[in-house]
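*Asks:*
Residue numbers (this note's numbering): 92 to 246.
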């Protein structure tokens with residue numbers, strides 16, 4: 092397993108946002124499936140619903156993104172992975188004790204990092220400063236999408 096992608100990063104694959112182009116290029120260059128669990132899928136789907144509620148996207152854009160998500164699971168671009176929740180919460184508690192008092196990590200931030208660590212990921216892909224600190228504390232290499240650049244000739 093190569094990298095754990097935070098939910099906010101995965102969303103950039105479905106909507107044109109800041110850093111979407113660089114994120115898409117990075118994912119394409121890696122050439123690997125993105126592991127996701129049902130927790131992430133729920134967050135992604137809820138974030139898409141929030142975009143619709145906030146009128147950031149149209150009903151048609153929402154429907155297309157939801158179908159793209161289903162298609163990406165079907166073709167293996169996204170690969171569902173199981174989570175041992177007892178181990179995940181145990182690891183999240185350890186990470187919380189190590190970093191939250193220093194940087195204000197939220198529970199879901201440390202839970203994402205804990206899952207990545209338990210899956211044996213070597214990298215954690217995010218753009219969240221708190222997750223970056225937690226991932227580093229967990230011994231993961233961080234890929235900050237804010238520092239990525241689009242492929243040559245594209246931007």
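From the three backbone atoms N, C-alpha and C, an ideal C-beta is built for every residue, glycine too.
#1: Where do the N-terminal and C-terminal ends of the beta strand (DSSP E) with residue 96 fall, by residue?
#2: Starting from residue 32 and walking both ways along the beta strand (DSSP E), at which residues does that stretch end?
#3: Where in the region 125-149 do unbroken runs of the beta strand (DSSP E), each at least 3 residues long, occur, reported from the N-terminal end onward?
#4: Quick one: measure Cβ to Cβ for residue 215 and residue 226, integer angstroms, because I've assumed they're closer than 8 angstroms.
#5: Whole angstroms are fine: how far does the CA of residue 230 sit from the CA of residue 100?
#6: Whole angstroms is fine: what's the gap from residue 166's alpha carbon to residue 144's?
#7: Looking only at C-alpha atoms, which of 240, 149, 201 sits nearest to residue 91?
#8: At which residue ranges does the region 148-214 contain complete alpha helix (DSSP H) runs of 4 or more residues, listed in the order of the chain?
#9: Compare the beta carbon distance of residue 126 and residue 161 with 7 angstroms and say whether it is the shorter of the two.
#10: Leaving out five residues on either side along the sequence, give the residues of the same chain with a beta carbon under 7 angstroms from the beta carbon of residue 111.
#11: Please confirm if residue 218 has its CB atom under 7 angstroms from at least one CB of chain C.
#12: With a threshold of 16 other CB atoms inside 10 Å of the CB of residue 146, please say whether the residue is buried or exposed.
*Replies:* From the atom records:
#1: Numbered from 1 along the chain shown, position 5 holds the residue referred to as residue 96. 94-96 is the span of the beta strand (DSSP E), which, as asked, contains residue 96.
#2: Lying before the first or after the last residue shown, residue 32 is absent from the chain, which here runs from 92 to 246.
#3: 125-127
#4: Against the chain shown, residue 215 aligns to sequence position 124. Against the chain shown, residue 226 aligns to sequence position 135. The Cβ separation is near 4 angstroms, so the contact holds.
#5: Sequence index remark: in the chain shown, residue 100 carries index 9 (1-based). Sequence index remark: in the chain shown, residue 230 carries index 139 (1-based). If you take the alpha carbons of residue 100 and residue 230, they lie about 20 angstroms apart.
#6: Numbered from its first residue, the chain shown carries residue 166 at position 75. Numbered from its first residue, the chain shown carries residue 144 at position 53. So the two alpha carbons sit approximately 29 angstroms from each other.
#7: For residue 91 there is no data in the structure shown, the boundaries of the chain being 92 and 246.
#8: 150-166, 176-194, 198-209
#9: Mapped onto the chain shown, residue 126 falls at position 35. Mapped onto the chain shown, residue 161 falls at position 70. In this structure, residue 161 does not lie closer than 7 angstroms to residue 126 by Cβ.
#10: As a first step, residue 111 must be located in the chain shown, where it is residue number 20. Excluding sequence neighbours, residue 111 sits near 103.
#11: Protein chain content of the structure displayed is limited to a single chain, and chain C is not contained in it.
#12: Along the chain shown, one-based indexing puts residue 146 at 55. Residue 146 should be labelled exposed.
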